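Peer 1:
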Amino acid sequence: MILLSSVSKQFKNKTAIDNISFKAKEGEIIGFLGPNGAGKTTTMRLILGYLTPTKGKVSIDNLNPLEDRIEVLKKIGYLPENNPLYQEMKVSEYLQFISALKNTDNFLETASRIGLDDVLSSKIEELSRGYKQRVGLAAALIGEPSILILDEPTSGLDPLEQEKIRTYIRKLANPTSSRLRGARAKTIIFSTHILSEVEDVANRLIIIDKGKIVFDEKKPKGKGGVEKLFKKLVK
Amino acid sequence: MKYLYKKELNYYLNNPIGYIVVVLFAVFANFLFVKDIFAIGSASMRSFFSILPWLFLIFVPALTMRILSEEKRVNTIEILLTLPVSEMQIVLAKLLALLTLVVVGLALTLGLPISLSFLTRMYLPEIIAGYLGSIFLAAFCISLSTFFSSLTKNQVVAFLASAISLFFLLVLGTEFTANVLPRSIQDFLVFFSPANHLQNFIKGVIDFRSVFYFVSFTMVFVFLTVVDLEKRN
């Protein structure tokens, strides 16, 4: 379980996150919406312990991401914004490297699930943007983490690739209805600018604006509901 | 840590930069020694080991400048720091990979003592101590350059900061400063000069004070680099 209580983060004079609190339970898929600079990436980095909160407390399964960094990071799969990758490595080398650091050996199975079989021996720099995104997603999934944090997983992808990634996130959240049968339901937090994506994938919606949470409930029902709500709350 | 080390080493092995820097180092080291050997008329490796710090001054920062600055520039540092590995493991793996490359460069100069041994009788412990001291000095230079590489996203800045710092540290122990500074300050500065501690090894003496100097200063820069990576601002 992810718990943020009264968390604030300040960068010099700028308040990036202002007193936010929320709880994320197993099996929840949380769509994290907000305009650019609203604090989505900062919140995700605080959960990972990549940033230190100025105020408040973050805990992952009752562990502190800063003090129990290694234990916490074993539980989390992370796809960073803009998906930084070691471009000079081959896909198989990169996934094997991530797998070794996560102390598992299931990288081939994960690569296969994500549809990377054909490009395993290709260099990452030679791949299309869609494939690169899949490599980043596969790296996040290696080691079967119970929590997935995906920062704009479909950013810059064409509609077909976006749909593939969305389908995969849905499968992860509902493993009994897919090839992932037997896998544990995960807590997934993903940020996006595509409002319809939240409607398609998430079961809970958090809208953040100027560092404050302005909405945190189940996603509104009906097509276009998220868009209406977003336009109403974010000005 | 083994996989981090392998990844770093593979970067240089799969990239012309690693080969170019290591081979150039070996070519310069061999040439600078051989060009004067007959003029000096002495078949000793001492002048070779005395040249090495000045070569390290350029080649170690050239090899090391990208090691963390590039990770910061392209943000792959975020991948590393969100994986279950400690900052210490990351820094040590990088240091060991770079040290391996320098050792390969030094190995490419082994032809010199072997050739000399055909001309004259060589004192083996002196050569072993010289190479050992050079490895300690390389570790020191790598840790300092890695620290500067962690402070910036710009490789050129990392290179210049490392090369200038190493230059001043090496100059501290030379006669150049002896003529300008009072004796008491000079003695103090000489103690902190890596060139001065290397001299013991060059003479064939493994002085534990010098070993302690190199190991402790290497660890200080490793620690400072770890502290920089641990900053979560």
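Note that the protein sequences, when read in sequence, are chains A and B.
Residue numbers for the first sequence follow our numbering, so the first one is 1 and each next one is one higher.
Residue numbers for the second sequence follow our numbering, so the first one is 1001 and each next one is one higher.
Each residue gets a CB set at the ideal place from its N, CA and C atoms; glycine is no exception.
Since the structure is predicted, the reported quantities are computational estimates derived from the model, not experimental observations.
(1) Quick one: complete alpha helix (DSSP H) runs, 4+ long, within the stretch 1118-1145 of chain B?
(2) Does A/ILE29 come out as helix, strand or coil in the three-state DSSP assignment?
(3) Quick one: residues in its chain with C-beta nearer than 8 Å to the C-beta of A/LEU127, no 5 flanking neighbours on either side, listed in chain order?
(4) Give me the subset of the stretch 100-119 of chain A whose CB atoms are less than 7 Å from a CB atom of chain B, sorted by chain position.
(5) Please state whether DSSP places B/VAL1180 in a helix, a strand or coil.
(6) Could you tell me the alpha carbon to alpha carbon distance between B/VAL1171 and A/LEU148, rounded to whole angstroms?
(7) I'd like to know whether the C-beta of B/TYR1012 is nearer than 7 Å to at least one C-beta of chain A.
(8) Is DSSP giving A/ALA111 helix, strand or coil here?
(9) Can you tell me where the alpha helix (DSSP H) holding A/GLN10 begins and where it ends?
(10) For a contact defined as C-beta to C-beta under 9 Å, what are the partners of A/TYR78 on chain B?
(11) Buried or exposed: where does A/TYR86 fall if 16 or more other Cβ atoms within 10 Å of its Cβ makes it buried?
(12) Are B/SER1143 and B/VAL1222 touching if we call contact CB-CB under 7 Å?
(13) What residue range does the beta strand (DSSP E) around A/LYS218 cover?
(14) State the DSSP-derived secondary structure class of B/ARG1232, mapped to helix, strand or coil.
(15) Once you ignore the five residues that flank B/GLY1105 on each side, which residues in its own chain have a CB closer than 7 Å to its CB?
(16) How would you list, in chain order, the residues of chain B whose beta-carbon sits under 7 Å from the beta-carbon of A/PHE97?
(17) Could you say which of B/THR1064, B/PRO1084, B/TRP1054 and B/VAL1074 lies nearest to A/GLU67 if we only look at CA atoms?
(18) For B/ILE1206, name the three-state secondary structure that DSSP assigns.
(19) Under DSSP, the alpha helix (DSSP H) around A/SER121 begins and ends at which residues?
(20) Could you pull out every unbroken alpha helix (DSSP H) segment of at least 4 residues lying fully inside the stretch 1076-1121 of chain B, listed in chain order?
(21) For a quick check, are the C-beta atoms of A/ALA139 and A/ILE98 less than 7 Å apart?
(22) Within the same chain, show all residues whose beta-carbon is closer than 7 Å to that of A/ASP263, passing over the 5 residues directly before and after it, in chain order.
(23) Could you give the DSSP three-state label for A/ILE147: helix, strand or coil?
(24) Give a yes or no on whether 7 Å exceeds the smallest Cβ distance from A/PRO65 to chain B.
(25) How big is the Cα-Cα spacing for A/GLN133 and B/LYS1153?
(26) Pick out whichever of B/LEU1151, B/TYR1019 and B/THR1218 has its Cα sitting closest to the Cα of B/LEU1292.
(27) Write down the C-beta distance between A/PRO35 and A/ILE47 rounded to the nearest angstrom, noting that I regard them as a contact closer than 8 Å.
(28) Verify the CB distance criterion: does A/LYS57 have a CB-CB separation below 7 Å to chain B?
(29) Mind reading off the beta-carbon distance from B/LEU1204 to B/ALA1093? Whole number of angstroms is fine, and I expect it under 8 Å.
(30) Do A/THR41 and A/LYS9 have their C-beta atoms closer together than 7 Å?
Peer 2: Based on what the coordinates show:
(1) If you keep only unbroken alpha helix (DSSP H) runs of at least 4 residues inside the stretch 1118-1145 of chain B, you get nothing at all.
(2) By 1-based counting over the first sequence, the position of residue 29 of chain A is 29. Residue state, collapsed to three classes: strand.
(3) In the first sequence, residue 127 of chain A corresponds to position 127, counting from 1. Taking A/LEU127 as the centre and dropping the five residues before and after it, the same chain places the C-beta of VAL91, VAL119 and VAL135 closer than 8 Å to its C-beta, in chain order.
(4) Within the stretch 100-119 of chain A, contact with chain B at the beta-carbon level (separation under 7 Å) is assigned to ALA100, LEU101 and LYS102.
(5) For this step, residue 1180 of chain B is matched to residue 180 along the second sequence. When secondary structure is reduced to three states using DSSP, B/VAL1180 falls in the coil class, being assigned neither helix nor strand.
(6) Here the question's residue 1171 of chain B lines up with position 171 in the second sequence. Here the question's residue 148 of chain A lines up with position 148 in the first sequence. Using only the alpha carbons, I get a separation of about 53 Å.
(7) For the purposes of this step, residue 1012 of chain B is identified with residue 12 of the second sequence, where counting begins at 1. Cβ-Cβ to chain A under 7 Å: no for B/TYR1012.
(8) On the first sequence, position 111 is the one that residue 111 of chain A refers to. Residue state for A/ALA111 is assigned as helix, using DSSP reduced to three classes.
(9) For this step, residue 10 of chain A is matched to residue 10 along the first sequence. That residue, A/GLN10, is in no alpha helix (DSSP H); its beta strand (DSSP E) goes 2-11.
(10) Within the first sequence, the letter at position 78 stands for residue 78 of chain A. Result: GLU1078, ILE1079, THR1082 and LEU1083.
(11) By 1-based counting over the first sequence, the position of residue 86 of chain A is 86. Buried.
(12) For the purposes of this step, residue 1143 of chain B is taken as the residue at position 143 of the second sequence. For the purposes of this step, residue 1222 of chain B is taken as the residue at position 222 of the second sequence. Yes, these two residues count as a Cβ contact at 7 Å.
(13) In the first sequence, the residue the question calls residue 218 of chain A occupies position 218. For A/LYS218, the enclosing beta strand (DSSP E) stretches over residues 212-218.
(14) Position 232 of the second sequence holds residue 1232 of chain B. DSSP places B/ARG1232 in coil when its eight states are reduced to three.
(15) Taking the second sequence and counting its residues from 1, the one referred to as residue 1105 of chain B is at position 105. These residues qualify, in order along the chain: VAL1022, PHE1025 and ALA1026.
(16) Counting from 1 along the first sequence, the entry for residue 97 of chain A is found at position 97. The CB of A/PHE97 comes closer than 7 Å to the CB of TYR1003 and LYS1007 in chain B, given here in chain order.
(17) Here residue 67 of chain A refers to the residue found at position 67 of the first sequence. Minimum Cα distance to A/GLU67 is reached at B/PRO1084.
(18) Here residue 1206 of chain B is taken as the residue at index 206 of the second sequence, counted from 1. Coil at B/ILE1206, not helix or strand.
(19) As a working note, residue 121 of chain A is residue 121 in the first sequence. Per DSSP, A/SER121 lies in no alpha helix (DSSP H) segment and is marked neither H nor E.
(20) Listed in chain order, the complete alpha helix (DSSP H) runs (minimum 4 residues) inside the stretch 1076-1121 of chain B are 1076-1081, 1087-1107 and 1111-1119.
(21) In the first sequence, residue 139 of chain A corresponds to position 139, counting from 1. In the first sequence, residue 98 of chain A corresponds to position 98, counting from 1. Taking 7 Å as the Cβ cut-off, A/ALA139 and A/ILE98 qualify as a contacting pair.
(22) With chain A represented from 1 up to 235, any question about residue 263 of chain A goes unanswered, as that position is not in the structure.
(23) Along the first sequence, read from residue 1 onward, the residue named residue 147 of chain A stands at position 147. DSSP places A/ILE147 in strand when its eight states are reduced to three.
(24) On the first sequence, position 65 is the one that residue 65 of chain A refers to. Interface annotation, A/PRO65: not in contact with chain B, CB-CB separation never under 7 Å.
(25) Taking the first sequence and counting its residues from 1, the one referred to as residue 133 of chain A is at position 133. Taking the second sequence and counting its residues from 1, the one referred to as residue 1153 of chain B is at position 153. Going from the Cα of A/GLN133 to the Cα of B/LYS1153 covers about 24 Å.
(26) Nothing in the structure corresponds to residue 1292 of chain B, since chain B is present only between 1001 and 1233.
(27) Mapped onto the first sequence, residue 35 of chain A falls at position 35. Mapped onto the first sequence, residue 47 of chain A falls at position 47. Not a contact, Cβ separation roughly 20 Å.
(28) Taking the first residue of the first sequence as 1, we reach residue 57 of chain A at position 57. So no, A/LYS57 is outside the interface.
(29) Here residue 1204 of chain B corresponds to residue number 204 of the second sequence, with the count starting at 1. Here residue 1093 of chain B corresponds to residue number 93 of the second sequence, with the count starting at 1. The displayed chain sequence assigns Gly, not Leu, to residue 1204 of chain B. Incorrect: roughly 33 Å between the Cβ atoms, too far for contact.
(30) Indexing the first sequence from 1 puts residue 41 of chain A at position 41. Indexing the first sequence from 1 puts residue 9 of chain A at position 9. No. Outside cutoff.
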